[in-house]
Amino acid sequence: MSSFYHVLVGDSRLVARPRGRFKIRSQDVLAGDRVTVCIAEDGMGYIDSVEERRNCLVRPPVANIDQACVVFTYRDPPLVPELIDRILVHTGVVGVSPLLVLNKADLMSAEEVDTVLEMYSHLSCPLFVTSAVVGTGVDVLRAQLAAKTSVMVGQSGVGKSRLLNALVPGAGRSTQEVSRKVRRGRHTTRHVELISISDGFIADTPGFSLLEPVKVSPWELSAFFEEIHAVEHSCRFTDCLHRDEPGCAVKDAVRDGRIPVSRYENYLTMLSEAETESRRY
32 MSSFYHVLVG
42 DSRLVARPRG
52 RFKIRSQDVL
62 AGDRVTVCIA
72 EDGMGYIDSV
82 EERRNCLVRP
92 PVANIDQACV
102 VFTYRDPPLV
112 PELIDRILVH
122 TGVVGVSPLL
132 VLNKADLMSA
142 EEVDTVLEMY
152 SHLSCPLFVT
162 SAVVGTGVDV
172 LRAQLAAKTS
182 VMVGQSGVGK
192 SRLLNALVPG
202 AGRSTQEVSR
212 KVRRGRHTTR
222 HVELISISDG
232 FIADTPGFSL
242 LEPVKVSPWE
252 LSAFFEEIHA
262 VEHSCRFTDC
272 LHRDEPGCAV
282 KDAVRDGRIP
292 VSRYENYLTM
302 LSEAETESRR
312 Y
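In structure tokens:
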């Protein structure tokens, strides 16, 4: 738990620290929390309580979010579809609407952009193509962020901080190039901070390369793969997990191309993890 927090009070920022009761309860204060504060005689601010959260992401640790900008690239670092699918499931479980943001378009050919668009064209969430370097798609994405609380998520090196600098001139987020040796990004954001943008807020967050298994029932997982959820009502068995069961409409849809093979394989990986987790409890 951090010792000090910057709390927005009206148009001013107050530096405050949690009361001792937070340590006793092991309660975290997260970016995005709505809190009550008081100012002591010595001028120090104190956080007295945290209001109930609408939602909360564990990684990155941020609360009360309207939408998550899932930022990824085709190269530098290379596209990792499984990580994108995991993020989509994680955000879906906690009720945060996702936006897909294909960044570094200046490093891609038109054919490569079309390849990525085709991969995710069947999803209902919007997909934006951006370049923080030349400004492609920045204004369109900024309009989507207006009057909402958003968070940028994605692996290290996809350009979240540089994109935020383009979205919010003067944000001053530090950036680094992708490591040429391992083709992975270096962490430049060390903490979560909400930044004002278009009557809303956006959080830049530390990048990551892995996510822990989602905590969801094996029978609920398919609801977070919308193309699977759309056809599973036609399966022979109502409790079909779309793996080995006969008469599975989902496997039929994979065979005829209505469901991308990569998405289905990622579903099976997460299904196995969900089954392992369910056996622990």
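With positions in the sequence shown counted from 1, the corresponding number in the numbering used here is that position plus 31. Glycine included, each C-beta is placed from N, C-alpha and C at the ideal position. Bear in mind that the values here come from a model prediction, so they are computed numbers and not experimental data.
Cα-Cα separation, residue i to residue j
i      : j      : result
Val69  : Ala62  : The sequence as given places Cys at residue 69; Val does not occur at that position. If I take the Cα positions, the gap works out to 18 Å.
Thr180 : Pro277 : 44 Å
Tyr36  : His273 : 46 Å
Thr104 : Asp145 : 13 Å
Ile118 : Phe256 : 12 Å
Asp134 : Val184 : As written in the sequence, residue 134 is Asn, which differs from the Asp given in the question. Computed Cα separation, rounded: 12 Å.
Pro200 : Gly288 : 43 Å
Cys279 : Glu304 : 21 Å
Leu45  : Thr67  : 12 Å
Met75  : Trp250 : 50 Å
Val285 : Ser248 : 22 Å
Arg71  : His222 : Here residue 71 turns out to be Ala, not Arg, going by the sequence shown. For Ala71 and His222, the distance between alpha carbons rounds to 27 Å.
Ser152 : Asp170 : 21 Å
Leu299 : Val89  : 23 Å
Ile226 : Asp270 : 44 Å
Val111 : Val147 : 11 Å
Ser192 : Ala174 : 18 Å
Ser309 : Gly123 : 19 Å
Asp73  : Phe159 : 48 Å
Pro291 : Ser155 : 15 Å
Arg311 : Arg267 : 29 Å
Val40  : Gly51  : 22 Å
Leu302 : Glu143 : 30 Å
Phe232 : Pro157 : 19 Å
Glu224 : Asp275 : 45 Å
Asp283 : Arg106 : 32 Å
CB of residue i within 7 Å of CB of residue j, strictly
i      : j      : result
Leu194 : Ala234 : no
Cys100 : Leu130 : yes
Val281 : Glu263 : yes
Thr167 : Val132 : no
Val60  : Pro49  : yes
Ile259 : Ser265 : no
Val125 : Val245 : no
Asp137 : Val165 : yes
Leu172 : Ile228 : no
Ser140 : Gln98  : no
Expected contact under 8 Å - CB spacing of residue i and residue j to nearest Å
i      : j      : result
Asn297 : Glu149 : The pair is not a contact, with the Cβ atoms about 17 Å apart (cut-off 8 Å).
Ala47  : Ile78  : 5 Å
Val182 : Pro91  : 7 Å
Phe178 : Asp230 : For the sequence presented, residue 178 should be read as Ala rather than Phe. So it is a contact: roughly 5 Å between Cβ atoms.
Gln186 : Pro237 : Contact flag wrong, Cβ pair sits at about 10 Å.
Gln58  : Val93  : Not a contact, Cβ separation roughly 16 Å.
Asp64  : Arg84  : 7 Å
Arg294 : Asp42  : Actually they are not in contact, since the Cβ atoms of Arg294 and Asp42 sit about 45 Å apart, beyond 8 Å.
Suppose only complete runs of 3+ residues qualify. What are the beta strand (DSSP E) ranges in the stretch 221-289, listed by chain order? 224-228 and 231-235
inquiry  = Quick check for students: name the residue ranges of the beta strand (DSSP E) that lie wholly in the stretch 135-199, counting only runs of 3 or more.
reply    = 158-160 and 180-184
Checklist entry - Mind pulling the alpha helix (DSSP H) runs of 4 or more residues that sit fully within the stretch 44-121? => result 51-56
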